[in-house]
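No gaps in the numbering here: position 27 of the sequence shown is 21 in the numbering used here, and each next residue is one more.
Below is one structure; the comments refer to it alone.
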Amino acid sequence: PRMKKMVTLANRAVCHPAGCRTSASRVMAGTGVWSRPMSSRDGKVLAILQEGGAFELWRPGDSRAFQLGAAHGGEILGLAFQSGGDLFATVGQDTRVVLWRQGERDPVQVFEMPVDATTDEDNQDIIIQFSNDGRQVVTATKAGVLRFEISPIVFADVDTQIKMACARISGRGVSGFSN
């Protein structure tokens, strides 16, 4: 049997398997609020997936979540943290893969999956993870494996992001923008 570690979130105890990134067990059963805790590989961030497609990110020992988000039209089926980085991705029943940066409110990038990619009877057999180099989000279902390229702008510093955005806009013939 695996050891379990206890994490305290806002005076509520949450157990999750040590080192495990996913768990089908519900936390605080009967409340209809908390479900499926997932931790980053280094254990410094705990994600709580909520009913209705929302999530919370916590740092163990903190008294409140440092990030709240919702970007799916249905349940979140999986979440993965980028190894050694600040990105994480969610995949939902709405056939969307959403890329997030820890601490930011809005998604960084959104990918659309084929409609049949999440049509398992119970929608639970979906795996999401980052590629070894962290530049792709990979999903696997009974229907197959999909790879989504993360835009280079996600990895650029702010000045470079602005230049890249201006170059894209100026390429569309919008006046007042140049690179």
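The beta carbon of each residue, even a glycine, is placed where N, CA and C say it ideally should be.
Just so you know, these numbers come straight off a predicted model, no measurement behind them.
Checking the sheet assignment: what are the DSSP bridge partners for residue i?
i: Gln87; result: According to DSSP, which records beta bridges pairwise, Gln87 is partnered with nothing at all.
i: Leu140; result: Thr133
i: Ile70; result: Gly86
i: Arg95; result: Leu81
i: Ser33; result: Leu40
Name the two residues that bound the continuous beta strand (DSSP E) containing residue i.
i: Val132; result: Gln130 to Thr135
i: Ala48; result: Ala48 to Trp52
i: Val104; result: Gln103 to Glu106
Would you kindly report the start and end of the unbroken alpha helix (DSSP H) that includes residue i?
i: Val152; result: Val152 to Ser164
When DSSP labels each residue in this structure, what does residue i get in the three-state scheme?
i: Phe60; result: coil
i: Gly121; result: The amino acid occupying residue 121 in the given sequence is Ile; Gly does not appear at that position. The answer is strand: DSSP assigns Ile121 an E or B state.
i: Val39; result: coil
i: Val148; result: helix
i: Val27; result: Residue placement at Val27 is flagged as unreliable, the pLDDT there being 41, under the threshold of 50; the coordinate-derived value follows with that caveat. In this structure, Val27 counts as coil in the three-state DSSP scheme.
Using a Cβ-Cβ cut-off of 7 Å (strictly less than) and excluding sequence neighbours within five positions of residue i, which residues of its own chain qualify?
i: Phe142; result: Val91, Phe105, Gln130 and Val131
i: Pro101; result: Ala65, Val92, Leu93 and Trp94
Starting from the C-beta of residue i, find all residues in its chain whose C-beta is less than 8 Å away, skip the five residues before and the five after it, and write them out in chain order.
i: Met107; result: Val85, Thr89, Arg90, Val91, Thr133 and Leu140
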